[in-house]
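Residue numbers (the numbering used here), protein chains in the order written: chain V, 1 to 601; chain Z, 1001 to 1129.
Note that the Cβ used here is the ideal one computed from N, Cα and C, for glycine as well.
A short worksheet on the structure shown next.
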Amino acid sequence: MSRYKMHLLVCGGTGCRSSESDLIVENLKKVLQEKGLDGDAQVVQTGCFGFCEQGPIVKVLPDNTFYTSVKPSDAEGIIAEHVLKGRKVERLLYKDPKQQTVVSDSKHMEFYQKQIRIALRNCGFIDPENIDEYIARDGYAALAKVLEEMTPEAAIDLLKKSGLRGRGGGGFPTGLKWELAHKNKAGQKYVVCNADEGDPGAFMDRSILEGDPHSVIEAMAICGYCIGATKGMVYIRAEYPLAIQRLKIALNQARDYGLLGNSILGSKHSFDIELRYGAGAFVCGEETALIHSMEGQRGEPTVKPPFPAESGYLGKPTNVNNVETFANIPAIYLRGAEWFLSIGTAKSKGTKVFALAGKINNVGLIEVPMGITLREVIYEIGGGIKDGKKFKAVQTGGPSGGCLTEKDLDTPIDFDNLLAVGSMMGSGGMIVMDENDCMVSVAKFYLDFTVEESCGKCAPCRVGNKRLYELLNKITNGKGTEEDLEQLRNMSVVIKDTALCGLGQTSPNPVLSTMENFADEYAAHIHDQHCPSGQCKALRQYFILSEKCVGCTACSKVCPSEAISGEKRQAHLIDQIKCIRCGACMEKCKFSAIIIPSTKI
Amino acid sequence: MNKIKSLSDLRKIKQDVENRLDLREKSDNPERHVQIKVAMATCGIASGAREVMNAFIEKIAQDKLDAIVTQTGCMGYCHAEPTVEIRKPGEEPIVYGHVDVEKAVAIVDKYIKQGELLEGIIPVNYQTV
């Protein structure tokens, strides 16, 4: 048997694949064969490494060399230099954004140093389309252990002890949820995996399903045994084609091995899973709406109680858990509740996966222990703010969360702490904003999203959010009044109190938190008709610095509304009334003489 | 495909496929294993470093040793190629020069397994970070 000296792991997540990582795999294999090295090095397409900022990623083992922004044409160089001669290809190595030094391997990257990977334990490590590699990593051993050694009650007890809380946003104790479903006696029960990830900028669940689908399948089978269900369903958005494809492959492999189907692992437990496709409505991430959608009805939520554990899919007891929650479960059964309890804070145990996005150097997918601070996440793992700009705010919890500012950066991240400072954990989206972001516009962006995604069933959400959006629009156009602010605040509180489901109950959060933390920005829009960050087009002003202007006339030539006047070789001037704020002059100016002033002129 | 019927069936599959991931598992925590670095620059390859590296890999697999074989670039001891650096967990690295297949086996048997130093040590004049 040939033994590989090297493994070349190529990221096969959606992000890297859209930058042709498929072709990289193909080229690497081709070049290896041409050079007769296909017995020396193995090429593996894995799930996401998390470092999406500079994908596609190729990681070379055993030396953990981390190549970034690899192109298909680089395959030749990697093999000729690294595989054949043992010399790293310097130009492809990761460069530390702060020190500007080349980092030779992933062990020395700040991005990975504070991460603990439980849910993502196999992402970027195994080939997700190969069940044997999952088994080699103790895959399905948790299922075997539970089936052979534990009663459903004991298994639920262990999960309760571990303190695992739902990772979809609510943070409800998972063990308790299972117990409720277990206690309800009924002929048929269901296990549902919620893979309807809808937060803007979030891709945690997608990456888990793409990188390690078996971990979710195994956990669902364990859940089936515990609550007494023989049927499982994954509700996944149809817009995740790669995740669906890998899930299908994984399901077939598990069935072939008898890990799904009748009498699994020689036990009396039978369980199988089918896929249900969602059309991508945000509200269907809410469990009652999700269940209705699966039943073929409109994706609208209903009042709880009854909870799905009593009456869910087709009126039967149903347990709904999020993808990331499931992905944690096999590890908990293998390593025990005490191990899981040792990670995290007093009331939030384990880790949380976040999708880091926005104005941050290392955009990507990270898994960190609960209790880490936002500062560590943003400045160490995230590598700080892009282009050396100033940090302004971070939005956690997506459209349901709030904006946190500098003063909250040292808050240890967990379910309760984030709620206490006016935001929430949510499913794990984390969007970082810098000094150039207008917070009124940010609130408007999220409201635009909730207005679009509201199912329309209850009036507070359907009508109220639309009104909130209109008020924010008025303010960003410089027509807002002090009364509008008052109305924004009142209406937000009413919507929170009266909306039917989680979507409406949390949709005013971005408005409330930006009003609280950035009151001066709202005031500038209303009283001075000015947007301090220059984002609101209607309020933007362009201004020529006379000491920098050389009078080249480039700006006046490009101005479509003839708003710029001035003699050749003399400072020019913009007529603010004629100016249509297109920004063409600023783009054209070679002398940085045109600016958007941060205070009203 | 054979169905998996019990935990022991599962373990059997795990054992069969484990060595496929062995390299990946070890590279996750390289400092916990004996690291063997074979200099594979032009000078090294010309003097037979490739055969030496293969010998190490075979020997380690055969003896089921907790070690990891890496190739590296030129270490600067071109006069003594093939050169091999051995780093045991928590110890300073030792570099052997003029290593051939026979010596590779001896290094594993004597130095790695029993801690006995062999002839041909090159004094290390560099530091790695």
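query: Of the listed residues V:Gly-201, V:Lys-474, V:Leu-341 and V:Cys-582, nearest to V:Asp-165 (C-alpha basis); result: The residue asked about is misnamed: residue 165 of chain V is Arg in this sequence, not Asp. When only C-alpha atoms are compared, the closest one is V:Leu-341.
query: The alpha helix (DSSP H) enclosing V:Cys-585, as first and last residue numbers; result: 584–588
query: Classification of Z:Pro-1030 by the beta-carbon crowding that lies within 10 angstroms, buried from 16 upward; result: buried
query: Own chain partners of Z:Ile-1122 with C-beta closer than 8 Å, once the 5 adjacent residues on each side are dropped; result: Tyr-1077, Ala-1080, Thr-1083, Val-1095, Tyr-1096 and Gly-1097
query: N- and C-terminal bounds of the alpha helix (DSSP H) containing V:Pro-510; result: 509–517
query: Supposed contact pair V:Lys-316 and V:Tyr-190 - C-beta distance, whole angstroms, cut 8 Å; result: 6 Å
query: Euclidean distance between Cα positions of V:Leu-61 and V:Gly-388; result: 33 Å
query: Expected contact under 8 Å - CB spacing of V:Pro-305 and V:Ala-289 to nearest Å; result: No, V:Pro-305 and V:Ala-289 are not in contact; Cβ-Cβ is about 16 Å, not under 8 Å.
query: CB contact below 8 Å: V:Asn-262 versus chain Z; result: no
query: Interface flag, Z:Arg-1024 vs chain V, CB-CB below 8 Å; result: yes
query: The segment 542–561 of chain V contacting the segment 435–444 of chain V, beta-carbon criterion three pairs below 8 Å; result: no
query: Member of V:Ile-343, V:Gly-429, V:Cys-226 and V:Phe-591 whose CA lies at the smallest distance from the CA of V:Leu-374; result: V:Gly-429
query: Alpha-carbon spacing of V:Glu-645 relative to V:Gly-12, whole angstroms; result: Not covered by the structure: residue 645 of chain V. The range shown for chain V is 1 to 601.
query: DSSP three-state assignment for V:Met-6, whether helix, strand or coil; result: strand
query: Burial state of V:Asn-27, where buried means 16 or more other Cβ atoms lie within 10 Å; result: buried
query: Nearest-angstrom beta carbon gap, V:Leu-447 and V:Leu-472 [assumed within contact, 8 Å]; result: 6 Å
query: Beta carbon proximity, Z:Gly-1115 to chain V, threshold 8 Å; result: no
query: Buried or exposed by the 16-neighbour rule on C-beta atoms within 10 Å, applied to V:Lys-59; result: buried
query: Within-8 Å CB hit, V:His-7 to chain Z; result: yes
query: Spatial neighbours of V:Gly-170 in its chain, beta-carbon cut-off 8 Å, leaving aside the 5 residues before and after; result: Gly-502
query: Coil, strand or helix - V:Ala-355 by DSSP; result: strand
query: C-beta neighbour in chain V for Z:Met-1075, strict 8 Å; result: no
query: Listed by chain order, chain V residues near Z:Ala-1061 by CB distance under 8 Å; result: Arg-3
query: Those runs of the alpha helix (DSSP H) which lie wholly inside the segment 221–267 of chain V and span at least 4 residues; result: 241–256
query: Coil, strand or helix - V:Thr-373 by DSSP; result: strand
query: V:Ala-272 at chain Z interface by Cβ criterion, 8 Å; result: Here residue 272 of chain V is Asp; the residue named in the question, Ala, does not match the sequence. Chain Z contact via Cβ: absent.
query: Z:Val-1052 (DSSP reduced to helix, strand or coil); result: helix
query: Cβ-based burial, Z:Arg-1032 [other Cβ within 10 Å; buried from 16]; result: exposed
query: Which listed residue (V:Val-421, V:Ile-385, V:Gly-36 and V:Asp-410) has its alpha carbon closest to that of V:Gly-397; result: V:Val-421
query: Neighbourhood of V:Val-426 by C-beta, 7 Å cutoff - its chain only, sequence neighbours within 5 removed; result: Going by the sequence as given, residue 426 of chain V is Gly instead of Val. Answer for V:Gly-426: Gly-169, Asp-199, Thr-396, Gly-397, Gly-398, Ser-400 and Gly-401, listed in chain order.
query: 6 Å Cβ shell around V:Ile-332 - same chain, five flanking residues per side excluded; result: Ser-162 and Phe-340
query: Beta-carbon gap between V:Leu-545 and V:Ile-595 smaller than 8 Å; result: yes
query: Cα-Cα separation, Z:Ala-1049 to Z:Glu-1018; result: 27 Å
query: Sufficient close CB pairs (3 or more, under 8 Å) joining the segment 352–360 of chain V to the segment 225–232 of chain V; result: no
query: Option nearest V:Val-493 by Cα separation, candidates V:Thr-506, V:Leu-404, V:Leu-8 and V:Ser-293; result: V:Thr-506
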